[in-house]
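Novice:
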Amino acid sequence: VRKRPDRGVLARLWEFPNVEGELDGKALLEQAGQWNLRVRSVERSVCARHIFTHLEWKMSGWKIVCEEPVPLFRWVTERELREELSLPSAWKAFAFAAFPEENS
Numbered sequence: 008v009r010k011r012p013d014r015g016v017l018a019r020l021w022e023f024p025n026v027e028g029e030l031d032g033k034a035l036l037e038q039a040g041q042w043n044l045r046v047r048s049v050e051r052s053v054c055a056r057h058i059f060t061h062l063e064w065k066m067s068g069w070k071i072v073c074e075e076p077v078p079l080f081r082w083v084t085e086r087e088l089r090e091e092l093s094l095p096s097a098w099k100a101f102a103f104a105a106f107p108e109e110n111s
């Protein structure tokens with residue numbers, strides 16, 4: 008996860024790494040390279056929609072398994088994600104997809 012900027016929608020809350028627009032598999036790997044991630048595997052995750060009072064986000068996710076953590080992000084456990092971080096509801100669908108056994 009990473010902390011959102013100090014200004015704008017959901018300022019200073021935690022989020023999963025993301026970019027604007029839709030990425031295909033090739034573009035996703037290019038973005039992962041820009042983040043210095045050594046990708047072990049990639050799979051399509053969930054799609055979600057979040058409506059704010061003044062805008063709508065349509066989001067699609069990818070699950071990326073990495074060889075090792077990189078300092079650009081904070082690497083957290085499931086417990087930390089659920090209990091310690093302020094993760095906005097816009098990202099809850101992706102958190103539940105990351106840990107499906109807890110949501111059955």
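Going by our numbering, the first residue of the sequence shown is number 8, and it counts up by one from there.
Think of the CB as a built atom: it goes at the ideal place given N, C-alpha and C, for glycine as much as any other residue.
(1) Please name the residue in Ser67, Gly15, Glu27, Val49 whose C-alpha comes closest to that of His61.
(2) Could you give the distance in angstroms between the alpha-carbon of Glu90 and the alpha-carbon of Val83?
(3) DSSP three-state call for Ser67: helix, strand or coil?
(4) Locate the alpha helix (DSSP H) running through Glu37, then write down its first and last residues.
(5) For Glu50, which of Leu17, Glu63, Val72 has the nearest alpha-carbon?
Specialist: Straight from the coordinates:
(1) The count along the sequence shown starts at 1 and reaches residue 61 at position 54. The residue among Ser67, Gly15, Glu27, Val49 with its C-alpha nearest the C-alpha of His61 is Gly15.
(2) Looking up residue 90 in the sequence shown gives position 83. Looking up residue 83 in the sequence shown gives position 76. Using only the alpha carbons, I get a separation of about 11 Å.
(3) In the sequence shown, the residue the question calls residue 67 occupies position 60. Strand.
(4) If you number the sequence shown from 1, residue 37 lands on position 30. Note, Glu37: alpha helix (DSSP H), 32-41.
(5) Taking the first residue of the sequence shown as 1, we reach residue 50 at position 43. Just measuring C-alpha positions, the residue of Leu17, Glu63, Val72 sitting nearest Glu50 is Val72.
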